[in-house]
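In terms of the numbering used here, the sequence shown opens at residue 3 and continues consecutively.
All residues carry an ideal CB built from backbone N, CA and C; glycine is no exception.
Please read all numbers here as calculations on a predicted model, not as lab measurements.
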Amino acid sequence: MTTKDERHQQRQQKVKQKVDAKVESAQEERGIVLVLTGNGKGKSTAGFGTVARAVGHGQRCVVGQFIKGTWDCGERSLLEQHGVDFHVMATGFTWETQDREADTKAAQAVWQQLKPALADASVDLVLLDELTYMTNYDYLDLDEVVEAIANRPPEQSVVITGRAVHRRLEELADTVSEVRPVKHAFEAGIKARKGVDW
Ligand code: ATP
Ligand code: MG
């Protein structure tokens, strides 16, 4: 073994010791709040990826979608077949129409459908896709949302996606990741693609 190899091995050994110590010290068992925010692409994809991960372990998942796209969502077609309940804004808020009254009603309707899931200990994971806009636009009451998430069953995890997450949701979260746009195909004039963008 060369000196370089030896040094590499020693360094890796030290990293391993540190990681092992951290793994050892993490003892608490409970569900978490995960926020996926930022202006880059991949927030909803990661949220649904987490749902797929949970479903793969036989866990019960509920999805709330607060933005109705003009296209059908590939994840919904797949995950509903695996017993995931979807609550989607049927009318109202899309990126195109922004009718305050109708949007508020539609957001409230989805929220009312989701509230029982956030109080149900048999639900392991709740994905609140694009929730951040609903609280930022006051379509949903921030206090009520924070309270429902904070008082959820201890084993339940919640994933929130959307740009510009409110500071209070960030504070409530255990894990917050920000997706940063380095570049996006759309800026080069490439159309959103089925199977990649929805
Ligand atoms: P995805 O659903 O692909 O994971 P996202 O949830 O991170 O994306 P949103 O802000 O919810 O992003 O936007 C949804 C749509 O907008 C997707 O079709 C995505 O490709 C597109 N998009 C995301 N980020 C950008 C960007 N920086 N510029 C242009 N389009 C974007
Ligand atoms: Mg999204």
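With contacts defined by Cβ atoms closer than 8 Å, glycine 76 and glycine 197 form a contacting pair.
By the C-beta density criterion, arginine 55 is exposed, having fewer than 16 other C-beta atoms within 10 angstroms. Closest in C-alpha terms to valine 167, from the list Ser124, Thr177 and Arg13, comes Thr177.
For glycine 58, the closest of His89, Ala119 and Asp126 by C-alpha to C-alpha distance is Asp126.
Here lysine 16 is exposed. Its C-beta has fewer than 16 other C-beta atoms within 10 Å. Excluding the 5 residues flanking it on each side, alanine 123 has same chain C-beta neighbours closer than 6 Å at Pro155, in chain order. Leaving aside the five residues that flank alanine 175 on each side, the residues in its chain whose CB is nearer than 7 Å to its CB run, in chain order, Val35, Leu36 and Val37. Scanning the segment 109-184 from its first residue to its last, the whole alpha helix (DSSP H) runs of 4-plus residues come out as 133-138, 144-152 and 169-174.
Runs of the beta strand (DSSP E) spanning 3 or more residues and lying entirely within the segment 12-46 occur at 35-39, in chain order. One alpha carbon belongs to glutamate 132, the other to serine 159, and they sit about 16 Å apart. Relative to the ligand ATP, the beta carbon of asparagine 41 is positioned inside 7 Å of a heavy atom.
For the ligand ATP, a non-hydrogen atom lies closer than 7 Å to the CB of tryptophan 200.
Taken through DSSP and simplified to helix, strand or coil, glycine 66 comes out as strand.
Glutamine 14 and glutamate 26 have their C-alpha atoms spaced approximately 18 Å apart.
Residues close to the ligand MG by the beta carbon criterion (under 5 Å to any non-hydrogen atom) are, from first to last along the chain, Lys45 and Ser46. Here threonine 137 is not near valine 128, since their CB atoms are 8 Å or more apart.
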